[in-house]
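Q: Input: one structure, supplied below.
There are 2 protein chains.
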Amino acid sequence: MGRQSDARDRLIRSAGDLWHSRSYADVGVSEICEHAEVQKGSFYHFFASKRDLALAVIDDGWQRVGVGEIARIMTGPLPPLERLLTLMDRGIEVQMQLKEACGCTVGCSFGNLVVELGTVDEVLRERLARLFDDWAALIQHALDDAVDAGDLPQTDTGQTARAILAYIQGLGVVIKARDDPQAVADLGPMVLRLAGADPAAVARAAAGVTRTAAAV
Amino acid sequence: MGRQSDARDRLIRSAGDLWHSRSYADVGVSEICEHAEVQKGSFYHFFASKRDLALAVIDDGWQRVGVGEIARIMTGPLPPLERLLTLMDRGIEVQMQLKEACGCTVGCSFGNLVVELGTVDEVLRERLARLFDDWAALIQHALDDAVDAGDLPQTDTGQTARAILAYIQGLGVVIKARDDPQAVADLGPMVLRLAGADPAAVARAAAGVTRTAAAV
DNA sequence: GATATAGTAGACCGGTCGGTCAAGAAGGAG
DNA sequence: CTCCTTCTTGACCGACCGGTCTACTATATC
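Written out as structure tokens, the structure reads:
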């Protein structure tokens, strides 16, 4: 009953894009409304507050990026170590697309929110912490597969997964400082060192990715 | 001629502390003035703008932390790989002290500014990018020493140094999300994997650090 | 002691922030 | 058609933002 509108989705999309390319504090509710072509009153019909919108943006983003793309890569058909390399490659690729679209290097939208709001808004921080846990769990999935396949020695894969997530987040910070995703493209494959792969396994994974790329 | 005051230093110190524990946007000029017990008029006697203060905060901070502490560790008398372990240990230690003081986990002050302002203020971004270069150079110094000492195989130490810096920054993000520096204390030593050290060298470095700690 | 300079004091400014509100339009259900 | 709900519109609010300005005080130098 009553009419239905996609204004809510437009607001989430606009806020996500604007916050990602600038910062949470720098983009106000009014600007988000303008960008989404929604009036202020409508905004507060859908969301109780700016923070409430942020929660929706986080959920929506993780659904698309995490549950969608990252999970597909980390649990996909590729050999496990190649999945990690694919993840890093894909990350750089996305960052380059975003730079093309936004005019600057934006880093990880989730990491950005953690850094900007982690100490300021406890609710957002906790939501993002859970998201990071989910992310690490996806990485751990690939690591477990790698151990099972004999590509990795027996280790604490949970710990290693958290280290890899940290490395990914750090790459986001560093490319943002340089304003150049390409500058760290060579740092992506080093994730295999962090995973604990021996040189032979690294070479095997690298060859596999090259083969896959050549096939495409 | 005229009188001299330490108000400028108090402002830099206050701004650095407040921004580190909250965020650049969340802490305004007025609050910084209150905290430093300086009037607004005096603020704009010393600094042309909020951003100008930020530049001074960055310079001051890097002088103390980077040129002071990090350089001392990375070029110090310890075996090179142990220097890396010391750096990570010291980082966690500082974060725990800061958590005690601020009530929350704050991460890296420089990384925080990169993330919050990197796409918003080009001048600050460039300053921070140079700072990261300096930081990586200090790490590279230790890596070069490690290669010379035979603790590390021949590699591109510049590349590896940038990877390690990224890892450090990522740890900053992750602990901020968790609000718990201790939660990643076990991730610090994994920096040696990233450095490319073989298990034997890792064991040697770990034993060295333990011995040093026991000696103290 | 005169004077120029460094620093202090704090009222004030336009603009923007997140958020509110009252009124009304669109549209499915009865 | 009526009614109720969903959604829209845009003026409006107090608070706070970064920054300005003028008058004033302290102090080193001559």
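Residue numbers (this note's numbering), protein chains in the order written: chain A, 43 to 258; chain B, 43 to 258.
Every residue gets a Cβ at the ideal spot worked out from N, C-alpha and C, and that includes glycine.
Apply the 10 Å Cβ neighbour rule to A/Arg220 and answer buried if 16 or more other Cβ atoms are within range, or exposed otherwise.
A: Locating residue 220 of chain A in the first sequence gives position 178, counting from the first residue. A/Arg220 is buried by the Cβ-count criterion.
Q: Checking 8 angstroms against the spacing of the C-beta atoms, do B/Cys144 and B/Gln211 come in under that value?
A: By one-based count along the second sequence, residue 144 of chain B stands at place 102. By one-based count along the second sequence, residue 211 of chain B stands at place 169. No, Cβ-Cβ distance for B/Cys144 and B/Gln211 is not below 8 angstroms.
Q: Under a Cβ-count criterion, where at least 16 other Cβ atoms within 10 Å of its own Cβ denotes burial, should A/Gln137 be classed as buried or exposed?
A: Here residue 137 of chain A refers to the residue found at position 95 of the first sequence. Its Cβ being crowded by 16 or more others within 10 Å, A/Gln137 is buried.
Q: Identify which residue in A/Glu164, A/Arg64, A/Val80, A/Ile112 has its Cα closest to the Cα of B/Leu155.
A: Taking the second sequence and counting its residues from 1, the one referred to as residue 155 of chain B is at position 113. Among A/Glu164, A/Arg64, A/Val80, A/Ile112, the Cα nearest to that of B/Leu155 is on A/Arg64.
Q: Give the residues of chain B in contact with A/Cys146, contact being defined as C-beta atoms less than 7 angstroms apart.
A: Translated into the one-based positions of the first sequence, residue 146 of chain A becomes position 104. Within 7 angstroms Cβ-Cβ: Thr161.
Q: Can you give me, in chain order, the residues of the region 122-156 of chain B that have a beta carbon less than 8 angstroms from any beta carbon in chain A?
A: Listed by position, the residues of the region 122-156 of chain B near chain A (Cβ gap below 8 angstroms) are Cys144, Cys146, Thr147, Val148, Gly149, Gly153, Asn154, Val156.
Q: Report the residues of the region 218-231 of chain A with a CB closer than 8 angstroms to any CB of chain B, ordered along the chain.
A: Within the region 218-231 of chain A, the residues whose Cβ lies closer than 8 angstroms to some Cβ of chain B are Lys218, Ala219, Arg220, Asp221, Val226, Asp228, Leu229, listed in chain order.
Q: Considering only residues of the same chain and omitting the five flanking positions on each side of B/Ala49, which have a CB-CB separation below 6 angstroms?
A: As a working note, residue 49 of chain B is residue 7 in the second sequence. Cβ within range, chain order: Val80, Ser84.
Q: Would A/Val157 and B/Lys218 be called neighbours here (beta carbons separated by less than 8 angstroms)?
A: Translated into the one-based positions of the first sequence, residue 157 of chain A becomes position 115. Translated into the one-based positions of the second sequence, residue 218 of chain B becomes position 176. Going by C-beta atoms, A/Val157 is nearer than 8 angstroms to B/Lys218.
Q: Within 10 angstroms of the Cβ of A/Gly238, are there 16 or more other Cβ atoms? Answer buried if so, exposed if not.
A: Along the first sequence, one-based indexing puts residue 238 of chain A at 196. Buried is the call here.
Q: Is A/Gly160 near A/Arg167, with beta carbons less than 8 angstroms apart?
A: Position 118 of the first sequence, counting from 1, holds the residue named residue 160 of chain A. Position 125 of the first sequence, counting from 1, holds the residue named residue 167 of chain A. Taking 8 angstroms as the Cβ cut-off, A/Gly160 and A/Arg167 qualify as a contacting pair.
Q: Applying a beta-carbon distance threshold of less than 7 angstroms, which residues of chain B neighbour A/Ala205?
A: The sequence position of residue 205 of chain A within the first sequence is 163, counting from 1. Correct list: Leu229, Met232.
Q: Along chain A, which residues have their Cβ under 8 angstroms away from the Cβ of B/Ala208?
A: Mapped onto the second sequence, residue 208 of chain B falls at position 166. Here the neighbours are Tyr209, Gly212, Leu213, Val215, Val216, Val226, Leu229.
Q: Which runs of the alpha helix (DSSP H) at least 4 residues long sit entirely within the region 123-207 of chain A? Give them in chain order.
A: Taking only runs of at least 4 residues, the alpha helix (DSSP H) segments lying wholly in the region 123-207 of chain A are 151-159, 164-191.
Q: Report yes if the CB atom of B/Leu236 is closer than 8 angstroms to the CB atom of A/Met232, and no otherwise.
A: In the second sequence, counting from the first residue as 1, residue 236 of chain B sits at position 194. In the first sequence, counting from the first residue as 1, residue 232 of chain A sits at position 190. Yes, the pair counts as a contact, with Cβ atoms nearer than the cut-off.
Q: In angstroms, rounded to a whole number, what distance separates the CA positions of A/Ala242 and A/Leu234?
A: Your numbering for residue 242 of chain A matches position 200 in the first sequence. Your numbering for residue 234 of chain A matches position 192 in the first sequence. Whole-angstrom Cα-Cα distance: 11 angstroms.
Q: Output the distance between the C-alpha atoms of B/Leu126 and A/Ala78, rounded to the nearest integer angstrom.
A: Within the second sequence, residue 126 of chain B is the residue found at index 84, counting from 1. Within the first sequence, residue 78 of chain A is the residue found at index 36, counting from 1. Rounded to whole angstroms, B/Leu126 to A/Ala78 spans 48 angstroms at the Cα level.
Q: Which two residues bound the contiguous alpha helix (DSSP H) that contains A/Met232?
A: Start at 1 with the first residue of the first sequence, and residue 232 of chain A comes out as number 190. A/Met232 -> no alpha helix (DSSP H), and no H or E assigned at all.
Q: Would you call the region 194-208 of chain B in contact with the region 173-180 of chain B, where contact means no fewer than 3 C-beta pairs closer than 8 angstroms?
A: Yes: the two stretches touch, three or more of their Cβ pairs being nearer than 8 angstroms.
Q: Could you work out which residues of chain A lie near B/Gly238, taking near to mean beta carbons separated by less than 8 angstroms?
A: The residue you call residue 238 of chain B lines up with position 196 of the second sequence. The answer, in chain order, is Arg235.
Q: Could you confirm whether any beta carbon from chain B is found closer than 8 angstroms to the beta carbon of A/Leu170?
A: The residue given as residue 170 of chain A occupies position 128 in the first sequence. At least one chain B Cβ lies under 8 angstroms of A/Leu170.
Q: So, is the C-beta of A/Ser91 closer than 8 angstroms to a C-beta in chain B?
A: Taking the first residue of the first sequence as position 1, residue 91 of chain A is located at position 49. Chain B, which has no Cβ nearer than 8 angstroms to the Cβ of A/Ser91, makes this no.
Q: Can you name the residues of chain A whose CB is closer than 9 angstroms to the CB of B/Glu158?
A: Counting from one through the second sequence, the residue named residue 158 of chain B turns up at place 116. The answer, in chain order, is Ser65, Tyr66, Ala67, Asp68, Asn154, Val157, Glu158.
Q: Can you list, in chain order, the residues of the region 188-204 of chain B whose Cβ is nearer than 8 angstroms to any Cβ on chain A?
A: If the cut-off is 8 angstroms between Cβ atoms, the region 188-204 of chain B has Gln201, Thr202, Arg204 near chain A.
Q: Taking 6 angstroms as the limit between beta carbons, can you name the residues of its chain near B/Met116, skipping five residues before and five after?
A: Locating residue 116 of chain B in the second sequence gives position 74, where the first residue counts as 1. Contacts found: Arg125, Leu180, His183, Ala184.
Q: Report the neighbours of A/Phe88 on chain B: residues whose CB is nearer than 8 angstroms to its CB, in chain order.
A: As a position in the first sequence, residue 88 of chain A is number 46, starting the count at 1. Chain B residues near A/Phe88: none, gap ~24 angstroms exceeds 8 angstroms.
Q: According to DSSP, is B/Pro121 part of a helix, a strand, or is it coil?
A: By one-based count along the second sequence, residue 121 of chain B stands at place 79. Residue state, collapsed to three classes: coil.
Q: Which of the three DSSP states, helix, strand or coil, is assigned to B/Gln211?
A: For this step, residue 211 of chain B is matched to residue 169 along the second sequence. Here B/Gln211 sits in helix by DSSP.
Q: Should A/Arg167 be flagged as near chain B, meaning a C-beta pair shorter than 8 angstroms?
A: As a position in the first sequence, residue 167 of chain A is number 125, starting the count at 1. Yes, contact with chain B.
Q: Does any CB atom of chain B fall closer than 8 angstroms to the CB of A/Phe85?
A: Along the first sequence, one-based indexing puts residue 85 of chain A at 43. Not closer than 8 angstroms to any Cβ of chain B, the Cβ of A/Phe85 fails to qualify, so no.
Q: From this set, A/Asp240, A/Asp187, A/Gly200, A/Asp228, which residue's C-alpha is nearest A/Pro119's C-alpha?
A: Here residue 119 of chain A refers to the residue found at position 77 of the first sequence. Comparing Cα-Cα distances from A/Pro119 to each of A/Asp240, A/Asp187, A/Gly200, A/Asp228, the minimum goes to A/Asp187.
Q: Once you ignore the five residues that flank A/Gly200 on each side, which residues in its own chain have a CB closer than 8 angstroms to its CB?
A: Locating residue 200 of chain A in the first sequence gives position 158, where the first residue counts as 1. The residues are Ala178, Gln182.
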